[in-house]
Each structure stands twice: as structure tokens, then as C-alpha cells.
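Colleague: Just passing along the structure, written as C-alpha cells.
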Amino acid sequence: MQRRTYLVFLGVPGAGKGTQAKLLEESLHLPQVSTGDIFRYNLKNQTELGLLAKSYMDRGDLVPDEVTIKMVEDRLQKPDCAQGAILDGFPRNLVQVTAFDAMVAPYGGVTLVPLINLEDDEAMRRITGRRVCRTCGAVYHVDFNAPKESGICDLDQGELYQRADDAPETVRNRLYVYYKQTGPLIGYYYAHSLLADLDGAQPIEDVQSKLKVLIDKALQR
Ligand code: ADP
Ligand code: ADP
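In terms of this note's numbering, the sequence shown opens at residue 20 and continues consecutively.
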């Protein structure tokens with residue numbers, strides 16, 4: 020079986036995983052697979068999956084593994100994932116890691132796990148200022164990554180909104196869930212020599228250029 024490229028982003032909510040994954044899509048010719056985006060798409064379209072996920076997302080808890088794993092499995096079988104994918108938001112606990120390892124094992128396994136490090140206070144500032152385009156999902160920040168015109172997406176002029184789960188009370192639970200459930204993945208991937216540490220406090224472009232160097236190295240292994 021041909022080897023594929025699978026990148027798995029780790030980092031607290033707000034660290035910049037989605038922003039970096041999106042920027043890589045074009046240069047790597049790989050799709051960003053964001054479980055949060057897929058859940059939000061289903062919520063918007065009021066599908067069964069969206070309605071199931073809603074109560075968990077509103078609280079900042081993880082959607083049950085069975086549902087999430089099946090959703091990713093289906094997504095990775097789509098033709099645009101034939102060379103691999105950039106995963107942003109999955110796997111998020113040890114059950115999901117085990118399932119993901121099995122999914123990608125036939126294609127050479129995970130290529131690299133970029134860990135974007137950021138302190139909680141800064142993550143909170145980023146999340147509370149985050150704005151998302153209602154139509155295309157592009158992500159902005161009111162101060163750090165502002166659109167040209169306030170409240171309007173640069174790409175498709177869609178309306179920018181604030182995610183319901185980006186309210187401070189929910190963010191606190193999401194940080195707790197990250198440390199408790201996703202934190203152990205750092206040790207897991209470190210032990211497999213796949214972890215690549217990045218300083219997420221740097222500007223978006225600087226994180227991106229460091230990331231590209233690390234990915235190039237990993238692809239030559
Ligand atoms: P995550 O996917 O990890 O939750 P996002 O990529 O959505 O994080 O970024 C969270 C917020 O912080 C967004 O509003 C984004 O525009 C902003 N952001 C992302 N990276 C940086 C950075 N390096 N410096 C400043 N702001 C950033
Ligand atoms: P962030 O980018 O801020 O880290 P996400 O958009 O990745 O947040 O996730 C939003 C919500 O979607 C999570 O709080 C959770 O309810 C749900 N979710 C996303 N990915 C997963 C996953 N892998 N497993 C379970 N729930 C998930």
C-alpha cells in the first residue's frame with residue numbers, strides 16, 4: 020500500500036491548530052480534516068449527527084467516541100484524502116488514538132504530530148476574540164487577525180459570528196477536558212518519536228514557517 024501523509028495537530032483550544040492547518044492545505048495538497056468543523060456543519064444543517072453532538076459541544080465536552088470515530092473513518096475514505104490529511108481536533112483521547120492508529124496503519128501510520136504550545140491566559144484571549152465566517156468557516160481574530168472590514172469575511176463577504184462555545188465559562192471546561200483527556204496523547208506521541216514542539220505565542224507566519232521546516236524533515240524520513 021502506498022504511504023500517505025497524516026499530520027495530527029495538538030494544542031489547547033485557541034492555540035492556532037485550525038489556522039495553521041488551513042494554511043498548510045495548499046502547500047501540502049492535503050485537506051484539513053477538522054472534527055469541530057464537521058460537527059458545526061452538521062449542526063447548521065440540523066442533521067441527526069448535528070443534533071446528537073449539540074449538547075456535548077454546548078458544554079465543551081467531547082462527543083462520544085463511537086460517533087466521532089465513525090465520522091472520521093468516513094471522511095478519510097473520501098477521494099480528496101487519497102494522499103493523506105491534516106487532522107485538526109482528532110484524535111482527542113486515548114480511545115480515539117487507538118482507533119486512528121488502526122485506520123492509518125496500512126498507509127505507514129502518522130507522519131508528524133505538531134504540538135502548538137500556548138499558555139491558558141493567551142488561549143482565552145484568542146478564543147474570546149475569535150470570529151468565524153458563517154458561510155465558508157474562515158477564522159479571524161478581532162485584534163490579532165482582523166478582517167479588512169469588521170464583521171465581514173475577506174474571502175466571501177460572509178457574516179462573521181462568535182461560536183457559542185467560545186464563551187469564557189465553556190472555554191474553561193474545554194481547557195479542563197483538553198488537559199484531562201487529550202494531554203495523555205502528548206506522552207503517547209512523544210514515545211513514538213512523532214511529536215514536534217512549536218511556540219504558539221509567535222505570529223501566525225512565524226509558526227507556519229517553523230512548521231514547514233519540521234514537516235519537510237519528517238517527510239524525508
Ligand atoms: P484552534 O484551532 O487551536 O482552536 P484557531 O486556529 O481557531 O485555534 O485560533 C484561535 C484564535 O486565535 C483565532 O481567532 C485566530 O485568528 C487566532 N490566532 C491563531 N494563531 C494565532 C497567532 N499565532 N497569533 C495570534 N492570534 C492567532
Ligand atoms: P477548538 O478548535 O477550539 O479546539 P473544536 O472546533 O476542535 O474546538 O471542537 C469544538 C467541539 O467539538 C469540542 O468541544 C467537542 O464538543 C467537539 N469535538 C471536536 N472534535 C472532537 C473529537 N475528536 N472528539 C469528540 N468531540 C469533538
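Glycine included, C-beta positions come from ideal geometry on N, C-alpha and C.
1. Hey, how far is the Cα of Ala104 from the Cα of Thr54?
2. Looking only at its chain, what residues have a beta carbon closer than 7 angstroms to the beta carbon of Tyr198, apart from the 5 residues adjacent to it on each side?
3. Does the region 149 to 158 come close enough to the region 188 to 195 to have 3 or more Cβ pairs within less than 8 angstroms?
4. Quick check on the DSSP output: the alpha helix (DSSP H) that includes Ile171 runs from which residue to which?
5. Using only CA atoms, which one of Glu67, Glu44, Ala72, Val129 lies nearest to Leu204?
6. Assuming Leu26 and Ile234 make a contact with CB atoms under 8 angstroms, what is their CB distance in whole Å?
7. For Leu15, which of helix, strand or coil comes out of DSSP?
8. For Ala101, does the count of other Cβ atoms within 10 angstroms reach 16, so buried, or fall short, so exposed?
9. Counting C-beta neighbours from all protein chains within 10 Å, is the total for Lys97 16 or more, i.e. buried, or is it exposed?
Modeller: In brief:
1. Ala104 and Thr54: Cα-Cα distance of roughly 12 angstroms.
2. none
3. no
4. Note, Ile171: premise wrong, no alpha helix (DSSP H); not H, not E.
5. Val129
6. 7 angstroms
7. Beyond the ends of the chain as shown, which are 20 and 240, falls residue 15; an answer cannot be given.
8. Its Cβ having fewer than 16 others within 10 Å, Ala101 is exposed.
9. exposed
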